[in-house]
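J.: For the sequence shown, position 171 matches number 1592 in our numbering, and the numbering has no gaps at all.
For each residue, glycine too, the CB sits at the ideal point set by N, CA and C.
Keep in mind the model is a prediction, meaning the values are calculated, not measured.
My structure is below; once you've seen it, I'll send some questions.
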Amino acid sequence: MKATKALVLCVGILLAWPAMSEQAQVSPPDGQASTSAGAREQLNIVSTTQDADVADLLADFRARHPDIEIVHTKINSNDIYNQIVDPSSSSAAPGDIIWSSAMDLQIKLVNDGYAQTYVSKEIAHIPDWAIWKNEAYAITAEPIVIVYNKKLVAESDVPRTRADLKSLLSRKPDTYRGKIASYDPEQSGTGFLFITRDAQITRTTWDMIRAFGGAGIKLYSTTGTVLDRISSGEHLIAYNMIGSYAIERAKEDASIGIVFPADYITLMSRIAFIPVTARHPESAKLFLDYLLSERGQKFLLGRSVGPVRLGLGADGVIPADRIDAVKPIHIGPELLTYLDQSKRASFLKRVAPRIAGSIEIQGLGFQTK
C-alpha cells in the first residue's frame, strides 16, 4: 500500500486547546514581488496550532507570497466547529482555511457541507487515505507512541508491544501500580479517538484496559503534564501519547524514552479544508498546496510532525523495522461513528467498570502541550 511506505512520521503539531483565541499577523518582507493571488490579498488561517509551532512555516510561505497578508488565529477545536456552524457565535475573523487536529469534528463539518471542493496541485503525492471528497486533506501523519522513563524503567521491562505492556503489569503489579498514565478518554477528544481506534483494531484492547485499571492508571488531559511526570519519575510508562511532543521533549530530556509499538502504530492527522464561506479562497488554495508540497511538509517534519506526503522517507522518525506496522486513521465518514452521543456513551460505559475505582483524573479540558 503506497501510504504505508510513505508514513514516516511523528507528531505533534498542534493540539492546543486554550479558552481564549490568539491572532498572529505575519508581516511581509520588504522588497518582494507580488504573487498570483493579487496585491494585498489576505489569508485568514484558523487552527488549533500554537503560533510558535508554525512560525517558521508561515514565514516561509510569506516569503514566497509577499503580497498576501496572513493572520493566524489559534482557537480550540470545539470553538472552530461552532464558529463554522454559527458564525454569529464568534467575533473572530472567518477562516479562509481551517486546520485542526480534531479529526472527527473536521470530517463532520465536511460531511455537513461546510467545505468547498478543491483538487490540490499536490494530490498525486498524497496517499488515498489522506483525502476525502477532494475537500478534506490530511496534512500530517503522526504516530501514537508509548513513552517511558529511560532512567527508571529497566531495559527488560520496556514494552515493545501492547501484549508486552499487559504482561508487564501482570508480572510486576507492585512496581508499576500508580505508575502508568494515558489520556482521559472522557475529557480528551484525541484520547477517546485513540482508544476507540485500538478497540476497532483488536478485541484484546479490553483486556489491556482491564490491566490498566488493575494497575491504578492515572488519566490526564494534557500531553505536557504526562511528559513532565514521566520525566520526574512520578509515572514510568505512558500509553497512546502523541509522538511529536514526545520526540521534541526527548531532544532536550535524556530521561524520555519512546517506543514505536511493533504490533501496530496508529497514525493520526491534522485535517485542513477550505470552508464555503472563505472570503479569500484563492489564497487558501495556495496555502493548502504549500502545506502539502515537499517544502511545506519538510517544515512540519522539522518540528517532529510526521509528513503525509509520499516519498519523504522515515529518516529520524519511525524506525525502518516499524514501517510495516503503521495503521493510519483514514479520512472519511467512519470518523463520525462516535460523534453519535449514544455510541460514545455506550463505549465509555463499557470502559468504566474496567477501570472504576482505580483512576485519578487530572486536569480539565484537553490540551496536548
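When the Cα atoms are used, what is the spatial distance from E1543 to G1753?
T.: 19 Å
J.: Alpha carbon to alpha carbon, what distance is there between P1682 and D1517?
T.: 38 Å
J.: Please say whether V1568 and V1680 have beta carbons closer to each other than 9 Å?
T.: yes
J.: What is the residue span of the alpha helix (DSSP H) that N1661 lies within?
T.: Unbroken run through N1661 is the beta strand (DSSP E), I1658 to I1663; no alpha helix (DSSP H).
J.: Can you give the Cα-Cα distance for D1710 and F1720, rounded to whole angstroms?
T.: 14 Å
J.: How do the region 1666 to 1678 and the region 1625 to 1641 stand: do at least 3 beta-carbon pairs fall below 8 Å, yes or no?
T.: no
J.: If you draw a straight line from the C-alpha of T1456 to the C-alpha of M1524, how long is it?
T.: Here T1456 scores only 45 on pLDDT, less than 50, and its place in the model is too uncertain to base an answer on.
J.: Look up N1797 in the DSSP assignment and say whether it is helix, strand or coil.
T.: There is simply no residue 1797 to check, as the chain begins at 1422 and stops at 1790 in what is shown.
J.: Closer than 8 Å by C-beta to I1757: which residues in its own chain qualify, once you throw out the five before and the five after it? Chain order, please.
T.: According to the sequence as given, residue 1757 is Leu; it is not Ile. Counting only Cβ-Cβ distances below 8 Å, and skipping sequence neighbours, we find D1525, I1528, K1529 and N1532.
J.: Nearest-angstrom Cα distance between G1634 and P1606?
T.: 14 Å
J.: Tell me whether the region 1690 to 1706 and the region 1584 to 1594 touch, counting them as touching only if at least three CB pairs, one residue from each stretch, are closer than 8 Å.
T.: no
J.: Assign K1529 to one of three DSSP states: helix, strand, or coil.
T.: helix
J.: Am I right that F1615 and N1661 are in contact with their C-beta atoms under 8 Å? What's the rounded C-beta distance?
T.: 4 Å
J.: Starting from S1521, follow its DSSP beta bridges and name the residues at the other end.
T.: Its beta-bridge partners are I1692.
J.: Go through its chain and collect everything with a Cβ distance to Y1604's Cβ below 6 Å, but skip five positions before and after it.
T.: G1612
J.: Would you call P1728 buried or exposed, if buried means 16 or more other Cβ atoms sit within 10 Å of its Cβ?
T.: buried
J.: If you draw a straight line from the alpha carbon of N1503 to that of K1571, how long is it in whole angstroms?
T.: 42 Å
J.: Just verifying my parser: in three-state terms, what is the DSSP assignment at K1672?
T.: helix
J.: For A1705, which residues from the same chain have a beta carbon less than 6 Å from its beta carbon, with the 5 sequence-adjacent residues on both sides left out?
T.: D1517, I1518, I1695 and A1699
J.: Between R1724 and D1472, is the Cβ-Cβ spacing less than 9 Å?
T.: no
J.: Should E1563 be labelled buried (16 or more other beta-carbon atoms within 10 Å of its own) or exposed?
T.: Flag for E1563 reads buried.
J.: Give me the residue from L1657, D1684, A1559 and S1763 with the minimum Cα distance to A1575.
T.: L1657
J.: Just verifying my parser: in three-state terms, what is the DSSP assignment at H1546?
T.: Collapsing the DSSP output to three states places H1546 in a helix.
J.: Less than 8 Å between the CB atoms is what I'm expecting for Y1685 and I1601, so what's the real figure, rounded?
T.: Contact flag wrong, Cβ pair sits at about 20 Å.
J.: Helix, strand or coil, according to DSSP, for P1702 in the structure here?
T.: helix
J.: For H1546 and S1714, I'd like the C-alpha separation in whole angstroms.
T.: 8 Å
J.: Which one or two residues does DSSP pair with W1553 in a beta bridge?
T.: A1557
J.: Taking buried to mean at least 16 other C-beta atoms within 10 Å of its own C-beta, is T1561 buried or exposed?
T.: buried
J.: By Cβ distance, which residues of its chain are closer than 8 Å to T1538, with the 5 residues on each side in sequence left out?
T.: K1554, N1555 and E1556
J.: Could you tell me how far apart the beta carbons of Q1463 and I1489 are, in whole angstroms, since I believe they sit closer than 8 Å?
T.: 7 Å
J.: Should D1745 go down as buried or exposed, given a rule of 16 or more other Cβ atoms within 10 Å for buried?
T.: Exposed, since its Cβ has fewer than 16 Cβ neighbours within 10 Å.
J.: With 16 other CB atoms within 10 Å as the buried threshold, where does P1508 fall?
T.: exposed
J.: If you draw a straight line from the alpha carbon of I1677 to that of P1702, how long is it in whole angstroms?
T.: Going by C-alpha positions, I1677 is about 43 Å away from P1702.
J.: Just to confirm the assignment, what range does the beta strand (DSSP E) spanning Y1641 have?
T.: K1639 to Y1641
J.: Going by DSSP, what residue range makes up the beta strand (DSSP E) through L1464?
T.: Taken as a continuous stretch (DSSP letters only), the beta strand (DSSP E) holding L1464 covers E1462 to S1468.
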